Amino acid sequence: MSSSLPLIRTVNVMRYVTPLREGGSLPAIAEADDDFLYVLKFRGAGQGIKALIAELIGGELARMIGLKMPEIVFANLDPAFGRTEPDEEIQDLLKASTGLNLALHYLSGAITFDPAVTNVEAKLASQIVWLDCLLTNVDRTVRNTNMLMWHKELWLIDFGASLYFHHTWSNWEEQAKRPFALVKDHVLLCKATELDAVDAEMRALLTPERLQSVVELIPDEWLTEWPSGESAEEVRQVYTRFLQLRIASSEIFLKEAQNARTSRF
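In the numbering used here, the protein residues as written are -12 to 252.
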């Protein structure tokens, strides 16, 4: 497992290649000034900045505990970028996303994970289920696994529907201690037979300092004019404290996951 936190690179978007018309956020494949292709997540789409924050925190925590994640980068979008786009919906999205967005390195040739085809070992399944419970990730189901197979390895690709406490925000302490009932629909729950061992391992690995180091990656640009009026630093403190409290109370979501697994399998 890797306990180090890589720096997040910043690239400039040079070319809009094609939309990925999956879900409501309308991500796209785009080319950056480093000549690589990325799956670009727009600040002007769907849940906006909060989805990008969830993607950043979830992806970097996954990487920190040793799970496979494409490189995450910050992606600058110039105000003039969308002027020549003929599709009005996409043009509006590009105009609303001027500034700093988020992108994941495009895994060319990857295929969608199919639980009927690929067997996932118990330890890996337990790590993914545990992390999704920590982050309250509602979007890792059979209908939409948000995982890819690339070079015969399992890669996670989407945490944008995580940390949904931040859409209400004011009761974050209460939400940090809630079980995660939707774990019953998790695509890997049937394989997650090592949750107790993984819980002990994750609690030791994800220290308050490491959690804070991930949260500190959130750019100031995403935290200005926060709806509750808090400063960027105050917002980061809430995210950090939420994660710390949720890990300290992990027996709550761990029990929910184990009970759901017993009931289903």
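For glycine and all other residues, C-beta sits at the position ideal for the given N, C-alpha and C.
Bear in mind that the values here come from a model prediction, so they are computed numbers and not experimental data.
{"Check": "In or out: K178 buried (at least 16 other Cβ within 10 Å) or exposed?", "Outcome": "buried"}
{"Check": "With burial defined as no fewer than 16 other Cβ atoms inside 10 Å of the residue's Cβ, what is the status of N246: buried or exposed?", "Outcome": "exposed"}
{"Check": "Quick check on the burial criterion: 16 or more other C-beta atoms within 10 angstroms. Buried or exposed for V201?", "Outcome": "buried"}
{"Check": "Near I205, what residues of its chain come up, given a Cβ to Cβ distance below 7 Å and the 5 sequence neighbours on each side ignored?", "Outcome": "I40, L43, R223"}
{"Check": "Would you mind working out which of D183, L81, G216, R130 sits nearest P102, comparing C-alpha positions?", "Outcome": "R130"}
{"Check": "Assuming L89 and F61 form a contact by the criterion Cβ under 8 Å, report the distance between their Cβ atoms to the nearest whole angstrom.", "Outcome": "6 Å"}
{"Check": "Going by the CB atoms, is the gap between L80 and L13 shorter than 8 Å?", "Outcome": "yes"}
{"Check": "Suppose contacts are defined by Cβ-Cβ distances below 8 Å. Is F152 in contact with F240 by that definition?", "Outcome": "no"}
{"Check": "State the Cα-Cα distance for the pair Y3 and A235, rounded to the nearest angstrom.", "Outcome": "43 Å"}
{"Check": "Could you spell out the range, first to last residue, of the beta strand (DSSP E) harbouring S1?", "Outcome": "Note that residue 1 is Met in the sequence shown here, rather than Ser. Its beta strand (DSSP E) spans residues -3 to 6."}
{"Check": "Mark I59 as exposed unless 16 or more other C-beta atoms lie within 10 angstroms of its C-beta, in which case mark it buried.", "Outcome": "buried"}
{"Check": "For L122, which residues from the same chain have a beta carbon less than 8 Å from its beta carbon, with the 5 sequence-adjacent residues on both sides left out?", "Outcome": "A41, I44, G45, L48, F146, S149, L150"}
{"Check": "Would you say V174 and T105 are within 8 Å of each other, going by their C-beta atoms?", "Outcome": "no"}
{"Check": "Using 8 Å as the threshold, is the C-beta distance between L27 and A38 below it?", "Outcome": "no"}
{"Check": "Can you say whether G53 is buried or exposed, counting buried as having 16 or more other CB atoms within 10 angstroms of its CB?", "Outcome": "exposed"}
{"Check": "In three-state DSSP terms, what is E72?", "Outcome": "coil"}
{"Check": "Are there three or more Cβ pairs, one per stretch, closer than 8 Å when the region 185 to 194 is compared with the region 131 to 144?", "Outcome": "no"}
{"Check": "Might you give, ordered along the chain, the residues of its own chain that have their beta carbon closer than 7 Å to the beta carbon of M1, omitting 5 neighbours on each side?", "Outcome": "E18, A19, D20"}
{"Check": "Measuring straight from C-alpha to C-alpha, what distance separates K171 and A163?", "Outcome": "19 Å"}
{"Check": "Specify the secondary structure class of T249 as computed by DSSP and reduced to three states.", "Outcome": "helix"}
{"Check": "Any idea if S113 is buried or exposed, counting beta-carbon neighbours within 10 angstroms, 16 or more meaning buried?", "Outcome": "buried"}
{"Check": "At 4 residues or longer, what runs of the alpha helix (DSSP H) sit wholly inside the region 102 to 134?", "Outcome": "109 to 122"}
{"Check": "Using the beta-carbon count (16 or more within 10 Å), is R251 buried or exposed?", "Outcome": "exposed"}
{"Check": "Under the three-state reduction of DSSP, which class applies to H153: helix, strand or coil?", "Outcome": "helix"}
{"Check": "Return the CA-CA distance between T71 and L143, expressed in angstroms with no decimal places.", "Outcome": "33 Å"}
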